[in-house]
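S.K.: So the protein sequences, as listed, match chains A and B.
Counting along the first sequence from 1, when you hit position 280 you're at 334 in this note's numbering, and nothing is skipped either side.
Counting along the second sequence from 1, when you hit position 123 you're at 132 in this note's numbering, and nothing is skipped either side.
Cβ coordinates follow ideal geometry from the N, Cα and C atoms, glycine included.
Here it is, the structure, as structure tokens.
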Amino acid sequence: MSKDMMAGFELFQPDTLQGAVDLLARYGDEAWALAGGNDSFDWFKDRVKRPSYVVDLTGLTELNGIREMADGGVEIGALTTLTEIENNSLIQGRYSILADAAGRVASPQIRNTGTIGGNLAQDARCWYYRYGVDCYRAGGDTCYADTPEGQNREHCLWGANRCVAVSPSDTAPAMVALDARMHIVGPDGEREVAAEDFFIGPDIDIERMTVLEPGEVLTAIRIPADWAGSTFYFEKVADRNTWDFALVSIAAAMVVEGGNISRIRMAAGAVECVPRRLSVVEQVVTGQPKNEATANLAGQSSVRGATPLNFNHFKIPLLQNLVTRAIRDA
Amino acid sequence: MTDKDSKDGIYPEPQFDRGPIADIASARASRRQFIKGVIASGVVASSAGLMYGCSREEVAASGGVERMLRLTINGETRTVDVLPNETLAMTLRYKLNLTGTKLGCDRGECGACTVLIDDVSTYSCSTLTHMVRGRSITTIEGLESADGTLHPVQQAMIDELGPQCGFCTPGQILSAVALLKSNPSPTRDEVRHALSGNLCRCGAYDHYLNSVMRAAEMA
């Protein structure tokens, strides 16, 4: 079957956020919010998602750009491209972890059109789910990845609950490490949630990965001044350096005073359905000297309780090594 | 290629009302049901309405995009009838006959369809044509000068025997042109990074890097 032409839809290009929210509300389940499109068009071409009404958000200039906030933090419009974030001097200067993470997403061309909002709100990459099978996440009653022969090399170490998919976003762990806040606008008004609460696992709702309700739009990400200019570490390990999603990624923000780690926030990507906040590591290393011994201890403590699937045991030493490096080399 | 404007409209539109695509589309709403629906309710606010033609007034009333677009491609303004669900790669190749833009994977995973939008490298398979209204589009056909002199990157590709089979070359060249516009004297590593979104199944990567480094020296 030819999959090359997307099924037909009606396209709307509103120029105000209110207009977009109204359109999404008007068409409900049949509407789709479109930003860079890198993920959306794959869904459409494969005919796994078939919205009748597509609302192109890219004309909403109010959702674009990087602004300094009064408290010294930074506000990033959700439509800001990953390339803009990677090259922005404010981000590079204060939150280099985010510039590094954005620069490791997919490929240059995808970063040129891919938006931070789309990267954060993207759906699971489990290939069974993407193929369009009736898995739990798609509303069915089976997980095809968590079976004796299921291919689950990329899947989770924690948080399995019928579904074993992981959070695929490279920027999500960085946002959790920076304690960013997500600004959301919907038909019932606006709200703000912490990055850590923005992402949800299958135990809360198996059919979506974020708290975004249908019709809601992620409009901006606000990064508080708390961690500006701290010591950062970001590393993503993937099969290829371009295109591929992380096998494991690590993002850490820490304040080092007199050789001791006085404050730290750390999150790992691609090991759970949400960016995994490594609270145990944070507790273990806080107040400790930033040295090899602390780093090794941090690595060991990071993998406690990991429950591997048939083909992803390698993620345990990989995460341990990344956490060790984050403490030692940051 | 010259006299492009006179060719507008002579290329047949892809046939969307028969074949496998229409079969799939019919699972949702067949043309007959659509026509019945129009007769019954008078409402024209569906994608089928756009595909099979509805007047400007009706589109404007529903708030959807208008199909006739003026696109700036390789410095020329061209008027094209574009479906809402049409990618830029399809418009370029099948409506405007700019077949130098290749379609490899059609999923943003190979880079063969790379074009420049306002001098920024972009996958045209993963961009709706309606999203680039008012922007400046450059394809491989737009790089040579009016007198036929090749762009320095194109010339360097020939001098350094850059391509092997050549299918990915237009995309590789446009990624390189985008890089040299923002960074005229890149290091080899910077070139490697800039071309990392373009696959070459012949594995001629080093030859491409040689070519781009040569182009940077010549310019």
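Tell me, which residues are paired with histidine 237 of chain A by DSSP?
M.R.: A:Glu246 and A:Ala274
S.K.: What residues of chain D sit near asparagine 295 of chain A, judged by a beta carbon separation below 8 Å?
M.R.: Included in the structure are the protein chains A and B, with no chain D among them.
S.K.: Quick test of the definition: if touching needs 3 or more C-beta pairs under 8 Å, does the segment 85-95 of chain B touch the segment 132-139 of chain B?
M.R.: Flag = yes, the segment 85-95 of chain B and the segment 132-139 of chain B touch.
S.K.: Could you tell me whether the segment 268-277 of chain A touches the segment 234-249 of chain A, using the rule of 3 or more Cβ pairs below 8 Å?
M.R.: yes
S.K.: Spell out whether any CB of chain A is found under 9 Å from the CB atom of arginine 87 of chain B.
M.R.: no
S.K.: What number of angstroms, rounded off, separates the C-alpha of valine 47 of chain B from the C-alpha of leucine 65 of chain A?
M.R.: Note that valine 47 of chain B has pLDDT 41, beneath the 50 cutoff, so the model's placement of it is unreliable and no number is given.
S.K.: CB-CB under 7 Å to threonine 100 of chain B, same chain, minus the five flanking residues each way: which ones, in chain order?
M.R.: Val89, Val91 and Thr138
S.K.: Name the chain A residues whose beta carbon is nearer than 8 Å to that of threonine 131 of chain B?
M.R.: Chain A residues near threonine 131 of chain B: Gln163, Asn166 and Thr167.
S.K.: Does DSSP put glycine 131 of chain A in a helix, in a strand, or in coil?
M.R.: strand
S.K.: Assuming alanine 306 of chain A and alanine 248 of chain A are in contact, meaning their beta carbons sit under 8 Å apart, how far apart are those beta carbons, in whole angstroms?
M.R.: 18 Å between Cβ atoms; not a contact.
S.K.: Look at the alpha carbon of threonine 178 of chain B and the alpha carbon of proline 172 of chain B, and state the distance between them as a whole number of angstroms.
M.R.: Each residue's alpha carbon lies about 6 Å from the other.
S.K.: Going by C-alpha to C-alpha distance, which of A:Pro68, A:Asp96 and A:Ala156 sits closest to tyrosine 185 of chain A?
M.R.: A:Asp96
S.K.: Here's the rule: buried if 16 or more other CB atoms are within 10 angstroms of the residue's CB, otherwise exposed. What is leucine 170 of chain B?
M.R.: Counting Cβ neighbours within 10 Å, leucine 170 of chain B comes out exposed, since fewer than 16 surround it.
S.K.: Ordered along the chain, which non-local residues of its own chain (more than five positions away) have a Cβ less than 8 Å from that of leucine 332 of chain A?
M.R.: Met320, Ala321, Ala322, Ser356 and Val377
S.K.: Can you give, in chain order, each stretch of the alpha helix (DSSP H) that sits fully within the segment 311-366 of chain A and has at least 4 residues?
M.R.: 333-339 and 346-356
S.K.: Hey, does glutamate 199 of chain B have any beta-carbon neighbour from chain A nearer than 9 Å?
M.R.: Closer than 9 Å: no.
S.K.: For the candidate residues B:Cys211, B:Glu75, B:Thr96 and B:Val162, whose alpha-carbon lies nearest to that of methionine 222 of chain B?
M.R.: B:Val162
S.K.: Under 9 Å, CB to CB, which of the residues in the segment 112-126 of chain A have a partner in chain B?
M.R.: Thr112 and Gly113
S.K.: Per DSSP, serine 9 of chain B forms a beta bridge with which residues?
M.R.: Lying before the first or after the last residue shown, residue 9 of chain B is absent from chain B, which here runs from 10 to 228.
S.K.: Glutamate 118 of chain B touches chain A at which residues, Cβ-Cβ below 7 Å?
M.R.: Result: Trp297.
S.K.: Just to check my reading of the structure: threonine 123 of chain B and asparagine 207 of chain B have Cβ atoms closer than 8 Å, yes? What is that Cβ distance to the nearest angstrom?
M.R.: 6 Å
S.K.: Beta-carbon separation of tryptophan 212 of chain A and glycine 353 of chain A under 9 Å?
M.R.: no
S.K.: Quick check: serine 284 of chain A and arginine 158 of chain A, are their CB atoms within less than 9 Å of each other?
M.R.: no
S.K.: Measure the beta-carbon distance from asparagine 45 of chain A to threonine 137 of chain A and round it to whole angstroms, keeping in mind my assumption that it falls under 8 Å.
M.R.: Outside the modelled stretch of chain A, which goes from 55 to 384, sits residue 45 of chain A, for which no answer is possible.
S.K.: Is any beta-carbon of chain B found at less than 9 Å from that of threonine 137 of chain A?
M.R.: yes
S.K.: With a 10 Å radius around its C-beta and 16 neighbouring C-beta atoms as the bar for buried, classify asparagine 295 of chain A as buried or exposed.
M.R.: exposed
S.K.: Cβ of methionine 99 of chain B within 8 Å of any heavy atom in the ligand ATP?
M.R.: In the structure on display, the ligand ATP does not appear, and there are no ligands present to speak of.
S.K.: Should cysteine 211 of chain B be labelled buried (16 or more other beta-carbon atoms within 10 Å of its own) or exposed?
M.R.: Counting C-beta atoms within 10 angstroms of its own C-beta, cysteine 211 of chain B has fewer than 16 neighbours from the protein chains shown and is therefore classed as exposed.
S.K.: Strictly below 7 Å CB to CB, what residues from chain A border glycine 73 of chain B?
M.R.: Here the neighbours are Glu64, Leu65 and Phe66.
S.K.: For asparagine 92 of chain A, is the classification buried or exposed, using 16 other Cβ atoms within 10 angstroms of its Cβ as the cut-off for buried?
M.R.: buried
S.K.: Taking C-alpha atoms, which residue in A:Ala155, A:Arg235, A:Ser106 and A:Ala199 lies nearest to glycine 131 of chain A?
M.R.: A:Arg235
S.K.: Can you tell which of A:Ala87, A:Tyr107 and A:Asp83 has the C-alpha that lies nearest to the C-alpha of phenylalanine 63 of chain A?
M.R.: Nearest of A:Ala87, A:Tyr107 and A:Asp83 to phenylalanine 63 of chain A, Cα basis: A:Tyr107.
S.K.: Note down, in chain order, every chain B residue with its Cβ under 8 Å from the Cβ of lysine 99 of chain A.
M.R.: Asp115 and Arg116
S.K.: What number of angstroms, rounded off, separates the C-alpha of glutamate 208 of chain A from the C-alpha of valine 325 of chain A?
M.R.: The C-alpha of valine 325 of chain A is placed about 8 Å away from the C-alpha of glutamate 208 of chain A.
S.K.: If you scan the segment 140-226 of chain B from start to end, which runs of the beta strand (DSSP E) of 3 or more residues do you find wholly inside it?
M.R.: Here the runs fully enclosed are 145-147.
S.K.: Closer than 9 Å, CB to CB, is tyrosine 136 of chain B near chain A or not?
M.R.: Sequence check: residue 136 of chain B is threonine here, not tyrosine. Taking Cβ atoms only, chain A reaches closer than 9 Å to threonine 136 of chain B, which makes this a yes.
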